[in-house]
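Numbering (mature numbering (1 follows the signal peptide of the UniProt record, and there is no 0)), first residue to last: -29 to -1, 1 to 148.
Backbone N, C-alpha and C fix where the C-beta goes; we use that ideal spot for every residue, glycine too.
Working notes, beginning with the structure itself.
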C-alpha cells in the first residue's frame, strides 16, 4: 500500500494560521486618514479640553490677576501672599492684596494652633481654593466652628482652606546716617 498524501491536521492548521496572518498584515496597508490639526484644535476647544486651565499651581500675590483666574484654580493647591485684613473667626481671617487693597477680601480658614496671624500681617498661605463657602461643610472640614454670624456675609463666596500659614517677619528699618 502506498501512503496517502492527504494533509494532516497539523499541516492544515499551520497553513490556515499563515494565511490568516498575511490577511491581517494587509488590512493596515490602505491610505491613511490624516486629520486637519486646526480642526482637531477647534474641536477640542469646543469640548472644553484646551481651555486656558492652569496646569501648574498658582504661586504669587493676591492680586487682580489671581482674582481673574481664581475659578480656574478651584480645587487646586495655591500659594498666595497677601495682607491680613481682619480676623473674622477663631479659625478664619480675610486677606487683601498687599499692594492692591481695592480687591474684595478672600476668606481663609486655617488651624490656629499652627499660626497666629494678626490684622496687618503680611502672610503666605498654602492651601486649596474652594469656589463656594458653605459654613456646615467648612465646619466639618476645618474641625471647628467657623464662627458666629459674621461669616454669613461670606456664604456662597470663594475661600481658601489653608494647609500652611506663614507670617512674614517684620522687616526692621535701618536709620539713615
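Option nearest residue i by Cα separation, candidates the options
{"i": "residue 49", "options": "63, 31 and 57", "result": "31"}
{"i": "residue 46", "options": "96, 88, 103 and 137", "result": "103"}
{"i": "residue 96", "options": "36, 86 and 90", "result": "86"}
{"i": "residue 99", "options": "42, 34 and 36", "result": "42"}
{"i": "residue 131", "options": "51, 34, 27 and 35", "result": "51"}
{"i": "residue 77", "options": "53, 70 and 36", "result": "53"}
{"i": "residue 140", "options": "101, 93, 133 and 105", "result": "93"}
{"i": "residue 82", "options": "63, 71 and 89", "result": "63"}
{"i": "residue 70", "options": "84, 55 and 60", "result": "55"}
{"i": "residue 44", "options": "57, 129, 136 and 138", "result": "129"}
{"i": "residue 35", "options": "88, 67, 26 and 27", "result": "67"}
{"i": "residue 84", "options": "26, 122 and 137", "result": "137"}
{"i": "residue 122", "options": "26, 58 and 27", "result": "58"}
Assigned exposure category for residue i - 16 Cβ within 10 Å defines buried
{"i": "residue 124", "result": "exposed"}
{"i": "residue 127", "result": "exposed"}
{"i": "residue 133", "result": "buried"}
{"i": "residue 91", "result": "exposed"}
{"i": "residue 75", "result": "exposed"}
{"i": "residue 21", "result": "Per-residue confidence for residue 21 stands at a pLDDT of 46, beneath the threshold of 50, marking its modelled position as unreliable; the derived number appears in the next sentence. With fewer than 16 other Cβ atoms within 10 Å, it is exposed."}
{"i": "residue 72", "result": "exposed"}
{"i": "residue 9", "result": "Note that residue 9 scores a pLDDT of 48, beneath 50, so its modelled location is shaky; the value from the coordinates is reported in the next line. Residue 9 should be labelled exposed."}
Span of the beta strand (DSSP E) around residue i
{"i": "residue 95", "result": "93 to 101"}
{"i": "residue 55", "result": "48 to 60"}
Residue i, enclosing alpha helix (DSSP H) - first and last residue
{"i": "residue 134", "result": "No alpha helix (DSSP H) contains residue 134, which is instead part of the beta strand (DSSP E) from 130 to 138."}
Residues bridged to residue i (per DSSP)
{"i": "residue 77", "result": "66"}
{"i": "residue 31", "result": "51"}
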